[in-house]
Amino acid sequence: MAGRPAAAARPTTVSGDPPSVSAPVRVEILFWSLLVRVLVHRLSLERSLRLLDRLPHRAHSTAGFAMPPERVFRGAGACLGRSLARSQFLRVRGHPHAIVIGVQGGTTALHAHAWVAPWDPVESSFVELRRIAR
């Protein structure tokens, strides 16, 4: 229609992820997600962490950083896999953090959950069983 300004096209992606996650970062996230998924299915948590700790990383970084949303790590599987993949993503950038594993419930129903501190909200309903500083 004449006289009407054209509507601004909104950036979209096939996967629905925010456009701020660049293609190289998406490839890296996919790599960490798939590697962690295989490790968690084949090895114990301890052996998986030992293997991941052998990979190169920065000692410490104070540079500003925007953590990609958790949903882009969905290829890593459940919360433990996603937390390990996100942890490795942070580790190679030199950002200190911890993987936290907790449980909630009682004798009839027990639920476990893993998250990355301080990047994820504190799960106050979960009792912390283990904190792995990375």
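My numbering puts the sequence shown at residues 113 to 246. Backbone N, C-alpha and C fix where the C-beta goes; we use that ideal spot for every residue, glycine too. Given the structure is predicted, the values throughout are model-derived calculations rather than measurements.
Here's the rule: buried if 16 or more other CB atoms are within 10 angstroms of the residue's CB, otherwise exposed. What is residue i?
i	result
R166	exposed
A118	With a pLDDT of only 45 at A118, under 50, the local geometry of the prediction cannot be trusted, and the value read off the model is given with reservation. By the neighbour-count rule (16 or more Cβ atoms within 10 Å), A118 is not buried but exposed.
S145	buried
R242	exposed
R203	buried
V137	exposed
V139	exposed
A178	exposed
Looking at the unbroken beta strand (DSSP E) that takes in residue i, where does it start and where does it end?
i	result
W227	L222 to A229
Below 7 Å CB to CB, which residues in the same chain sit around residue i once its five sequence neighbours on both sides are set aside?
i	result
A171	G206
Grab me the residues of residue i's own chain with a C-beta within less than 6 Å of its C-beta, minus the 5 sequence neighbours each way, in chain order.
i	result
S237	Q216
A229	A210 and V212
Leaving out five residues on either side along the sequence, give the residues of the same chain with a beta carbon under 8 Å from the beta carbon of residue i.
i	result
S160	V148, L151, V152 and L196
E182	R194, R198 and D232
Starting from residue i, trace the alpha helix (DSSP H) in both directions and tell me its first and last residue.
i	result
P136	A135 to R154
S160	L157 to D165
So residue i packs on residue j, CB below 8 Å; how close in whole Å?
i	j	result
V239	G214	6 Å
A210	R246	7 Å
For this session: Please go through the region 180-240 and give each complete alpha helix (DSSP H) segment of 4 or more residues, from N-terminal end onward.
Result: 191-203
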